[in-house]
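Novice: Handing you this structure, nothing more for now.
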Amino acid sequence: MSLTADDVKKIAHLARLGIEEQDVASYAKDLSGMLDLMTRMSDLDTDGVEPMAHPMDQVQRLRADAVTEQDNREKFQAIAPQVEAGLYLVPKVIE
Amino acid sequence: MHNKTIAELAKGLRSGEFSSVELTTAFLGRLKQHSSLNSYITVTEDLALQAAEAADARLAKGDAELLTGIPVAQKDIFCTEGVKTTCGSKILDNFIAPYNATVVDKFNNAGAVMLGKLNMDEFAMGSSNETSYYGVVRNPWDVNTVPGGSSGGTAAAVAARLAVCATGTDTGGSIRQPAALCGITGLKPTYGRVSRYGMIAYASSLDQGGPMTRSAEDAAIMLQTMAGFDEKDSTSVDLPVPDYRAGLNNSLEGLKIGLPKEFFGEGLNSDVATALEAAINECRKLGAQVTEISMPTLKLAIPAYYVIAPAECSANLSRFDGVRFGYRCENPADLTDLYTRSRGEGFGKEVKRRILMGTYALSAGYYDAYYIKAQKIRRLISEDFKRALSEVDVIMGPVTPSTAFGIGEKIGNPIEMYLSDIYTIAINLAGVPAMSVPAGFANGMPVGLQIIGNYFAEDRLLNIAHQYQQVTDWHQQTPKGFE
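Those sequence lines, one after another, are chains A and B.
Sequence positions in the first sequence follow full-length UniProt numbering and run 1 to 95.
Sequence positions in the second sequence follow full-length UniProt numbering and run 1 to 483.
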């Protein structure tokens with residue numbers, strides 16, 4: 001299985017990940033190499049095997065619906081790139 | 001002072017032979033003297049001296065714990081409140097963590113003295129520490145070779161005695177492989193044994209923090225502090241923590257060791273194999289019975305891992321978007337540009353490669369073929385371990401196919417780098433605990449013996465490693481120039 005430069009650009013867009021034009025070919029080559037490695041998985045018959053998402057097969061722990069966290073807004077916003085009046089600022093989304 | 005074990009240091013601190021301030025000052029001097037190893041990203045000198053003074057006061061009052069006053073260091077993946085926490089990445093170069101990881105809190109509560117934050121592969125993605133934004137770490141045994149990764153800074157610092165002991169994290173071998181390449185002791189606990197809260201996530205179903213030390217006894221002391229249930233980590237396991245030092249002196253008489261034939265075949269360097277045979281023979285002399293076993297699914301661990309880990313990484317790392325913390329690009333044109341360029345400029349190449357791989361594996365049309373298939377293989381690998389560990393007490397094998405490789409030797413070929421994780425990755429998929437223990441040298445470079453146990457059998461692994469270290473002195477060797 002091999003990926004083209006266009007495939008790589010499409011995946012990068014899905015991940016909102018900027019990649020340099022000059023690196024596209026090497027990503028295509030590396031990802032194709034990884035996919036080749038993964039084709040080995042088809043050597044093993046996995047029909048009827050339950051997928052394993054987690055080593056302990058745990059279910060999510062439940063707790064009482066009570067407030068356990070204090071308000072840390074100021075502390076957290078102190079490390080944000082741009083804030084104003086308690087809000088995180090980003091470029092205008094709606095004209 | 002710097003060559004003493006934790007227990008010896010604790011004794012010296014109590015007898016008044018030296019104070020924690022003196023001990024801390026000595027280590028701060030050493031890590032400055034050997035800064036060319038590049039094992040530390042941040043040195044927290046002032047905080048360390050303050051903590052040392054507090055430790056001395058606590059020692060004087062008589063309510064000290066074993067780690068009180070002991071100079072330790074944290075892998076820079078653990079959040080430390082008020083201290084830069086980079087995870088080896090440019091995207092977090094300006095990140096001052098607003099809270100402590102649970103592991104960091106536990107060390108603070110024990111009165112340990114943090115010397116600083118240790119270098120690592122970017123977001124723990126790498127096997128050589130060459131993907132760090134802060135530069136490559138050098139292996140103290142040969143400064144032209146890598147220390148391994150991703151906990152390369154930790155391994156180099158502990159091997160060179162620039163910290164008494166330090167934390168690591170292990171997603172596919174990131175504690176055990178650098179421990180092996182730098183000749184120290186490293187333990188990856190059972191998944192869920194150590195809290196992941198405040199430990200920056202790479203692949204959440206695989207990540208686990210653990211101790212990296214000179215000896216098994218030190219690892220037992222460190223794990224005692226690190227382990228335990230944490231409400232703040234939804235996958236933390238609510239089981240009592242045993243006394244890890246209590247069984248260190250148990251006999252190995254009758255211990256059943258399994259050697260998977262898949263671990264000793266093609267690809268294993270013959271000098272490494274020779275060292276391992278000698279180590280396994282020592283275990284025989286201590287009373288263990290050794291049998292060959294077979295684990296046929298092991299060969300599929302690498303492909304399954306390189307689907308599952310990137311898939312989880314692509315989801316986890318979506319939080320780095322230039323909005324709430326971390327790096328933001330200059331003058332974004334619009335929101336998409338803000339996300340795309342902040343991430344594009346903030347992440348290094350290996351991280352991008354894995355985000356792309358994971359995004360692809362999770363995308364519509366490929367999800368079943370890659371992600372679900374890999375999870376099914378994960379189940380079969382885990383069953384292979386359960387079956388093997390019902391026949392034998394522990395599994396032994398290599399940690400790495402060879403000793404430390406040269407800086408720059410493999411970084412241009414990521415697939416070859418991935419293949420060097422062959423002996424460590426399956427353990428994370430299954431979630432069982434495993435250790436790397438110094439087991440001699442091949443061509444002057446350290447070799448690690450891997451000991452793999454059943455779920456929550458950390459005490460048994462530590463016992464075996466400790467017994468082995470009573471009859472060998474590989475773990476006490478010091479690299480030249482760092483005596």
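Every residue gets a Cβ at the ideal spot worked out from N, C-alpha and C, and that includes glycine.
Buried or exposed for G408 (chain B), going by 16 or more other Cβ atoms inside 10 Å?
Specialist: Exposed is the call here.
Novice: Nearest by alpha-carbon distance to T154 (chain B): which of B:D142, B:Q177 and B:D207 is it?
Specialist: Nearest C-alpha to T154 (chain B): B:Q177.
Novice: Check whether the Cβ of Q70 (chain A) lies closer than 8 Å to any Cβ atom in chain B.
Specialist: Answer no: the Cβ-Cβ gap between Q70 (chain A) and chain B never drops below 8 Å.
Novice: In terms of residues, what are the limits of the beta strand (DSSP E) holding S436 (chain B)?
Specialist: First-last of the beta strand (DSSP E) with S436 (chain B): A434 to A442.
Novice: Check distances from the C-beta atoms of the region 17–31 of chain A to those of chain B and list, in chain order, the residues that come in under 9 Å.
Specialist: For the region 17–31 of chain A, which is checked against every Cβ of chain B, the residues closer than 9 Å are L17, G18, I19, E20, D23, S26, Y27, D30 and L31.
Novice: Since M1 (chain A) and T39 (chain A) are thought to touch, with beta carbons under 8 Å apart, how far apart are those beta carbons, to the nearest angstrom?
Specialist: Rounded, the Cβ-Cβ distance is 7 Å, consistent with contact.
Novice: Would you kindly report the start and end of the unbroken beta strand (DSSP E) that includes G453 (chain B)?
Specialist: Here G453 (chain B) belongs to no beta strand (DSSP E), and DSSP marks it neither H nor E.
Novice: Using a C-beta cutoff of 8 Å, does E95 (chain A) count as contacting chain B?
Specialist: So, not an interface residue.
Novice: Comparing the C-beta of I200 (chain B) with each C-beta of chain A, is any distance below 8 Å?
Specialist: Closer than 8 Å: no.
Novice: Cβ of S127 (chain B) less than 8 Å from any chain A Cβ?
Specialist: Not one chain A Cβ lies under 8 Å of S127 (chain B).
Novice: Can you give me, in chain order, the residues of the region 188–222 of chain B that have a beta carbon less than 7 Å from any beta carbon in chain A?
Specialist: The region 188–222 of chain B vs chain A, Cβ under 7 Å: Y191, G192 and S205.
Novice: Comparing alpha-carbon positions, which option in A:Q70, A:R61 and A:Q77 lies nearest D238 (chain B)?
Specialist: Among A:Q70, A:R61 and A:Q77, the Cα nearest to that of D238 (chain B) belongs to A:R61.
Novice: By the 9 Å beta-carbon criterion, what residues does the region 51–75 of chain A contribute toward chain B?
Specialist: Within the region 51–75 of chain A, the qualifying residues are P51, M52, A53, H54, P55, M56, Q58, Q60, R61, R63, T68, N72 and K75.
Novice: Using CA coordinates, which residue listed in B:I415, B:S20, B:A57 and B:G183 is at the minimum distance from M114 (chain B)?
Specialist: Measuring from the Cα of M114 (chain B), the nearest candidate turns out to be B:S20.
Novice: Figure out for me which residue from A:M56, A:L31 and A:P51 has the closest Cα to the Cα of residue 496 (chain B).
Specialist: Residue coverage of chain B in this structure runs from 1 to 483, which leaves residue 496 (chain B) outside it and unanswerable.
Novice: Using a C-beta to C-beta distance shorter than 7 Å, which residues of chain A count as neighbours of D334 (chain B)?
Specialist: Under the 7 Å cutoff, chain A gives P91.
Novice: Thinking C-alpha only, which one of B:V103, B:I427, B:R379 and B:A361 is nearest L35 (chain A)?
Specialist: Closest option to L35 (chain A), Cα to Cα, is B:A361.
Novice: Could you give the C-beta distance for P240 (chain B) and M222 (chain B), rounded to a whole number, given that I count them as a contact under 8 Å?
Specialist: P240 (chain B) to M222 (chain B), Cβ: 18 Å. No contact.
Novice: Classify E277 (chain B) as helix, strand or coil using the three-state DSSP reduction.
Specialist: Three-state DSSP puts E277 (chain B) in a helix.
Novice: Decide yes or no for the touch test of the region 83–93 of chain A against the region 323–340 of chain B: beta carbon pairs closer than 8 Å, at least 3 of them.
Specialist: Yes: the two stretches touch, three or more of their Cβ pairs being nearer than 8 Å.
Novice: Rounded to whole angstroms, what's the CA-CA distance from P147 (chain B) to R138 (chain B)? Just pull it up for me.
Specialist: About 6 Å.
Novice: Report the CB separation of V432 (chain B) from N454 (chain B) in whole angstroms; it is logged as a contact under 8 Å.
Specialist: That belief holds up - the Cβ atoms of V432 (chain B) and N454 (chain B) are roughly 6 Å apart, short of 8 Å.
Novice: At a threshold of 7 Å, does D71 (chain A) count as lining the ligand GDP (C-beta to nearest heavy atom)?
Specialist: In terms of ligand content, the structure shown is empty, and the ligand GDP therefore cannot be addressed.
Novice: Which residues, taken in chain order from the region 70–97 of chain B, show a beta carbon closer than 7 Å to some beta carbon of chain A?
Specialist: Of all residues in the region 70–97 of chain B, F95 and I96 have a Cβ within less than 7 Å of some Cβ in chain A.
Novice: Alpha carbon to alpha carbon, what distance is there between N108 (chain B) and A28 (chain A)?
Specialist: Computed Cα separation, rounded: 46 Å.
Novice: Going by the DSSP bridge assignment, what does E84 (chain A) pair with across the sheet?
Specialist: In the DSSP output, where bridge partners are listed per residue, E84 (chain A) has A:L87.
Novice: Tell me which same chain residues have a C-beta within less than 8 Å of the C-beta of G125 (chain B), skipping the five on either side of it?
Specialist: Note that residue 125 (chain B) corresponds to Met in the displayed sequence, not to Gly. Contacts found: T131, S150, Y202, C313, E350, V351 and R354.
Novice: Got a sec: is the Cβ-Cβ distance from E345 (chain B) to anything in chain A below 8 Å?
Specialist: Yes, E345 (chain B) counts as interfacial toward chain A.
Novice: Hey, does G33 (chain A) have any beta-carbon neighbour from chain B nearer than 8 Å?
Specialist: Yes, contact with chain B.
Novice: Restricting to Cα atoms, I'd like to know which of B:T190, B:V447, B:S127 and B:A288 is closest to H54 (chain A).
Specialist: Looking at the Cα atoms, B:T190 is the closest of the given residues.
Novice: Quick one: what does DSSP say I257 (chain B) is sitting in, helix, strand or coil?
Specialist: Strand, per DSSP.
Novice: Counting along the chain, where does the alpha helix (DSSP H) carrying L419 (chain B) start and finish?
Specialist: Counting along the chain, the alpha helix (DSSP H) containing L419 (chain B) begins and ends at P414 to L419.
Novice: Rounded to whole angstroms, how far is the Cβ of M295 (chain B) from the Cβ of A388 (chain B), which I believe are closer than 8 Å?
Specialist: Their Cβ separation, rounded to whole angstroms, is 6 Å, which keeps M295 (chain B) and A388 (chain B) in contact under 8 Å.
Novice: Check each candidate in B:F78, B:Q477, B:K90 and B:G322 and name the one with the smallest Cα separation from T185 (chain B).
Specialist: Nearest of B:F78, B:Q477, B:K90 and B:G322 to T185 (chain B), Cα basis: B:Q477.
Novice: Can K90 (chain B) and G346 (chain B) be called in contact, C-beta distance under 8 Å?
Specialist: In contact: K90 (chain B) and G346 (chain B) (Cβ atoms closer than 8 Å).
Novice: Have a look at the DSSP bridge pairing and note the partners of M445 (chain B).
Specialist: Answer by DSSP bridge pairing, in chain order: B:A442.
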